[in-house]
Structures are given as C-alpha cells and as structure tokens.
Amino acid sequence: MFRMSCERAISRREFLRSAAGIGTATAMFFGLPLRAAALPPMPKTIVVTFGGGARDEETFAPEGQRYIPRLLEELIPQATFYTQVVNRGILGHYVANAGLATGCYETFDNFMPIAPSNPTIFEYYRRDRQRPASDVWVIAPSNGFDHIGESNHTLYGHGLGATVVLPKQLLTLANHHAVADCDQLLRDNYESPIASPLTAKRQDSLHGMAELMKLSMDDFLAHARKSQSPDELSLYIAQHVMQTVAPSLLWITLHDIDIAHSGAFSLYTEAITRTDSICADLWKSIQSNPEYAGKTNLFLLPDFGRDSDMSPGGNGFQHHRTGDALSRTTWLMAMGPNIRQSVTVDRPVQSVDLVPTLAHLLGCNARFSRGSLLTEVL
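Under our numbering, the final residue of the sequence shown carries the number 1772; numbering is consecutive throughout.
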C-alpha cells in the first residue's frame, strides 16, 4: 500500500507543477525538519475536515482540476501542502474525525453515539492553557458527531471539551413550525438518514447556545432558505461564531461530499466544488476579520479518500470500505502567518500527526496522541 500511496503523492506533485496558479518556484521538501519564526502571541487556529473525502481523480488529477479551481488558484499558492497523508484507522466519518481530533486511531463503532476514548485537542488546549469553553468551538455536520467535542478519558473530559454546534439541530429548532421549508438541509447522514428528535433538554441547550452566539433564529432561518446545502449552513455558523465570539480554536467538519453514497457522480462533484468555494470563502473571512487576520493558522484535510474504480466491492467514488490506497491516502493543506507558502511536502505522514502539530502551535501538550509533529509547519 505504501508504494501505491507514494504514487498518489507523485501524481499530486506533478499536477501541482502544471496546474494554473502554481508557480514554478514551488519548493519540494522530503522530510527535512524546518523552522519558521516564532509564533505571535495567542495565535488562532481553524481546522476544516471533509467528512466524505474526495479522490485524486476528482481533485488533483488533471481530469479533476475543474472541480477545485479555488483551492488551486487561491489557497495552494499560500500553503504548505502535504501530498501523502495516510489514515490507518477505521474508514467511517465520525470515528475517523474523532481520530483526527484525538491524534489516535479510535476504534469504536462509527454509528454509535459515544465519545472518543482518547483526549481531544480541545481538552488539551483548554486544560493546559486554562481556556473557557467559549474559546473552543466545533461545528459538526450531523447528530452522530454530538460527542466529538469531549472524550471519556479519566484525566480529561468532564467539562473540558469544546462547545459543539450542530447546525441541523439549530435549523430544526428554528424551523419547527415549517420543516418543509428547509427539508433538503435536514437529512442527518448520507449513510443512515434517521435523525434523533430534539428532546426538551436539548432544545433548552440550543436556545442557550444561540444566545451565546447572539444568533437570531429568524436570520438563521432566512439564510437557510437561501442555502443549497448543509455545509453552507456550517460556513454561516462559523463566520457568525468568528464575528461574535472569536474563539482561538475552531474546528469545522464539512459533509456534503458524502452525498457520493447516493451513487450520483454529478452530485458528488458538485459537492466537491461547493467545498472548494467554502474553504476559499472561509480564508477570505479570516483575512477580513480583525480578530483573525494575520494571526490565524488554517488546516484543511479530508478525513480519508474514497475507493478506487478497480477495487472489487468498493463501487468506486460511491463508497470507502475497501481500505485500498485511494481510500486511505489523502492530503493536508496548512497556511498562516508563520507557515511557508507554495511548499510541497512529499514525505509520508499520518492523519494522527495533526493533533501534536496543533498542540505545539497552541502551546499545549497532546500527551496521549500517537502522532508525530509535522515539522514543516512549525
């Protein structure tokens, strides 16, 4: 699998050399430890993960270029880009994103509503830096992600987690008298469409969260009626949280791409293009917000890929269950005031390397993480 992963990395590198908007001076680093200038005090960090990863064929391969114009033309020239990020864990979206947040390959049932067993980056940051819950937010795509903000680890958890927002639950609360208005945005999961009803306790919690964000439910509902997808709601909430609360650590999981499970290739590629725009729009929001401009590190990465067209039983773009190189090997993009621009890193890294790297940048200790530092962005 490692040989095939390396081939994917080479294909991305060669594509980046020829893609529009990527300068010929792009530097290539092969595992050399690099150091940047000291970070400014109290840096901000935003992480965007793609639940429902995309393959090279629809992104970085020549035939996929048209689906990601803004990543290529606007973001990669400003970024350090890792071409070979391997996920060795379970290829389910909640469990994989929990692994991204803990720096450990979590092993629980992807469809069970349980917390990760290892501490999250949110808990490391809050405990070590003595930060309140309002300084760490997670914007998650479905009910299944409700527990991602806080582990059940005996030394962490217990009130040290992030503030978790599920925009679909907020929409259900705002729209409870006219659900049909936004019905297309309320499907909870592309693999399991059953959503849990809101309990009275959860409704009270959502009202409190809306008050904390200073979110007008009428404004939110009006925006939702103009939105094409749930991920556009997530972007709206992210921008609103940045404007009203300005947390130091913000984690956003997008999920539109997972519509690939429907088997419609056009919907899958449309979701890739929408994700491309959301990431670029988020970076623009960062640069236009005084609380974030010039002091924010942004990390973008899929949770994993999707199956090869050649893998038996995988159904190609539609699923992610074979464990082949295409489904396990993806990429990571990092940008910010102290991160080198237009740099490509070809050495193999793992998805669990994200947490120790974030912890280093945030000034906390990810003591239980199993990953290694991504030295090129430090």
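Cβ coordinates follow ideal geometry from the N, Cα and C atoms, glycine included.
When the Cα atoms are used, what is the spatial distance from S1536 to S1599? Locating residue 1536 in the sequence shown gives position 142, where the first residue counts as 1. Locating residue 1599 in the sequence shown gives position 205, where the first residue counts as 1. Approximately 16 angstroms, taken between the alpha carbons.
Among L1755, V1737 and V1743, the one whose alpha carbon lies nearest that of G1765: Taking the first residue of the sequence shown as 1, we reach residue 1765 at position 371. Of the candidates L1755, V1737 and V1743, the one whose C-alpha sits nearest the C-alpha of G1765 is V1743.
Which first and last residues belong to the beta strand (DSSP E) in which Y1662 is found? The residue labelled residue 1662 in the question sits at position 268 within the sequence shown. First-last for Y1662: F1659 to S1682, but that is the alpha helix (DSSP H), not the beta strand (DSSP E).
Could you have a look at V1739 and say whether DSSP puts it in helix, strand or coil? Along the sequence shown, read from residue 1 onward, the residue named residue 1739 stands at position 345. Strand.
Pull the bridge partners of V1559 from the DSSP assignment, please. What you label residue 1559 is simply residue 165 of the sequence shown in a count that begins at 1. According to DSSP, V1559 bridges with I1533.
With burial defined as no fewer than 16 other Cβ atoms inside 10 Å of the residue's Cβ, what is the status of E1770: buried or exposed? Here residue 1770 refers to the residue found at position 376 when the sequence shown is read from its first residue. Counting Cβ neighbours within 10 Å, E1770 comes out buried, since at least 16 surround it.
Min CB distance V1559 to chain C below 8 angstroms: Absent from the structure: chain C. Only one protein chain is present.
Rounded to the nearest angstrom, what separates Y1461 and T1724 at their Cα positions? Numbered from its first residue, the sequence shown carries residue 1461 at position 67. Numbered from its first residue, the sequence shown carries residue 1724 at position 330. Distance between the alpha carbons of Y1461 and T1724 is about 16 angstroms.
Going by other Cβ atoms of all chains shown within 10 Å of its Cβ, with 16 needed for buried, is S1763 buried or exposed? As a first step, residue 1763 is located in the sequence shown; it is residue number 369 there, counting from the start. Answer is buried; the Cβ neighbour count reaches 16.
Quick check on M1774: does DSSP put it in helix, strand or coil? Residue 1774 is absent from the structure shown; the chain starts at 1395 and stops at 1772.
Do the segment 1515-1525 and the segment 1468-1479 touch if we need at least three Cβ pairs shorter than 8 angstroms? no
Give the range of the beta strand (DSSP E) segment to which V1480 is assigned. Locating residue 1480 in the sequence shown gives position 86, counting from the first residue. Start and end: T1474 to V1480.
Could you check what DSSP says for M1729 in three-state terms: helix, strand or coil? Here residue 1729 refers to the residue found at position 335 when the sequence shown is read from its first residue. Strand.
Any idea what DSSP makes of Q1524, helix, strand or coil? Within the sequence shown, numbered from 1, the residue matching residue 1524 stands at position 130. Here Q1524 sits in coil by DSSP.
Which term fits R1449, buried or exposed, when burial requires 16 or more other beta carbons within 10 angstroms of its beta carbon? Numbered from its first residue, the sequence shown carries residue 1449 at position 55. R1449 is buried by the Cβ-count criterion.
State the Cα-Cα distance for the pair L1469 and D1625, rounded to the nearest angstrom. Residue mapping note: residue 1469 aligns to position 75 of the sequence shown, counting from 1. Residue mapping note: residue 1625 aligns to position 231 of the sequence shown, counting from 1. Computed Cα separation, rounded: 19 angstroms.
Whole angstroms is fine: what's the gap from G1708's alpha carbon to H1655's? What you label residue 1708 is simply residue 314 of the sequence shown in a count that begins at 1. What you label residue 1655 is simply residue 261 of the sequence shown in a count that begins at 1. Rounded to whole angstroms, G1708 to H1655 spans 11 angstroms at the Cα level.
Give me the residue from K1595, S1545 and A1618 with the minimum Cα distance to C1774. There is no way to answer for residue 1774, as the model of the chain reaches only from 1395 to 1772.
State the CB to CB distance for the pair A1632 and I1533, rounded to an integer number of angstroms; the pair is presumed to be in contact (CB under 8 angstroms). On the sequence shown, residue 1632 is found 238 positions in, with the first residue counted as 1. On the sequence shown, residue 1533 is found 139 positions in, with the first residue counted as 1. So it is a contact: roughly 5 angstroms between Cβ atoms.
Expected contact under 8 angstroms - CB spacing of N1691 and L1755 to nearest Å: The residue given as residue 1691 occupies position 297 in the sequence shown. The residue given as residue 1755 occupies position 361 in the sequence shown. Contact holds; Cβ gap of about 6 angstroms.
On a CA-only basis, which of G1730, L1752, L1767 and N1759 is nearest R1741? Give me that one, please. Position 347 of the sequence shown, counting from 1, holds the residue named residue 1741. Of G1730, L1752, L1767 and N1759, the residue nearest in Cα terms is L1767.
Considering only the alpha carbon of each residue, which of R1596, L1565, A1594 and K1689 lies closest to Y1630? Position 236 of the sequence shown, counting from 1, holds the residue named residue 1630. Y1630 has its Cα closest to that of L1565, out of R1596, L1565, A1594 and K1689.
Quick one, which of L1695, F1693 and G1717 has its alpha-carbon nearest S1704's? Here residue 1704 is taken as the residue at index 310 of the sequence shown, counted from 1. It should be noted that the sequence gives Met, not Ser, for residue 1704. It is G1717.
Three-way DSSP call (helix, strand, coil) for F1711 in this model: Along the sequence shown, read from residue 1 onward, the residue named residue 1711 stands at position 317. The answer is helix: DSSP assigns F1711 an H, G or I state.
Could you compute how far the alpha carbon of T1481 sits from the alpha carbon of L1726? Numbered from its first residue, the sequence shown carries residue 1481 at position 87. Numbered from its first residue, the sequence shown carries residue 1726 at position 332. Checking the sequence, you will find Asn at residue 1481 rather than Thr. Near 12 angstroms, if we compare the C-alpha coordinates of L1726 and N1481.
Quick check on DSSP: helix, strand or coil for H1620? Sequence index remark: in the sequence shown, residue 1620 carries index 226 (1-based). Per the sequence shown, residue 1620 should be read as Lys rather than His. In this structure, K1620 counts as helix in the three-state DSSP scheme.
Counting C-beta neighbours from all protein chains within 10 Å, is the total for L1752 16 or more, i.e. buried, or is it exposed? Position 358 of the sequence shown, counting from 1, holds the residue named residue 1752. With 16 or more other Cβ atoms within 10 Å, it is buried.
Nonlocal neighbours in the same chain, by C-beta distance under 6 angstroms from I1680, ignoring five residues either side: Counting from 1 along the sequence shown, the entry for residue 1680 is found at position 286. Contacts found: Y1686 and T1690.
Assuming N1512 and H1547 form a contact by the criterion Cβ under 8 angstroms, report the distance between their Cβ atoms to the nearest whole angstrom. Here the question's residue 1512 lines up with position 118 in the sequence shown. Here the question's residue 1547 lines up with position 153 in the sequence shown. Confirmed, Cβ separation roughly 6 angstroms.
Please report the straight-line C-alpha distance between L1694 and Y1499, rounded to a whole angstrom. In the sequence shown, counting from the first residue as 1, residue 1694 sits at position 300. In the sequence shown, counting from the first residue as 1, residue 1499 sits at position 105. So the alpha carbons of these two residues sit roughly 19 angstroms apart.
Taking a contact to mean a Cβ-Cβ separation below 8 angstroms, would you say F1502 touches L1648 in this structure? Here residue 1502 corresponds to residue number 108 of the sequence shown, with the count starting at 1. Here residue 1648 corresponds to residue number 254 of the sequence shown, with the count starting at 1. No; because the gap between Cβ atoms is not below 8 angstroms, this pair is not in contact.
Compute the Euclidean distance between the alpha carbons of F1711 and H1552, then round it to the nearest angstrom. Indexing the sequence shown from 1 puts residue 1711 at position 317. Indexing the sequence shown from 1 puts residue 1552 at position 158. Going by the C-alpha atoms only, they are around 39 angstroms apart.
Mark F1614 as exposed unless 16 or more other C-beta atoms lie within 10 angstroms of its C-beta, in which case mark it buried. Locating residue 1614 in the sequence shown gives position 220, where the first residue counts as 1. Burial call: buried.
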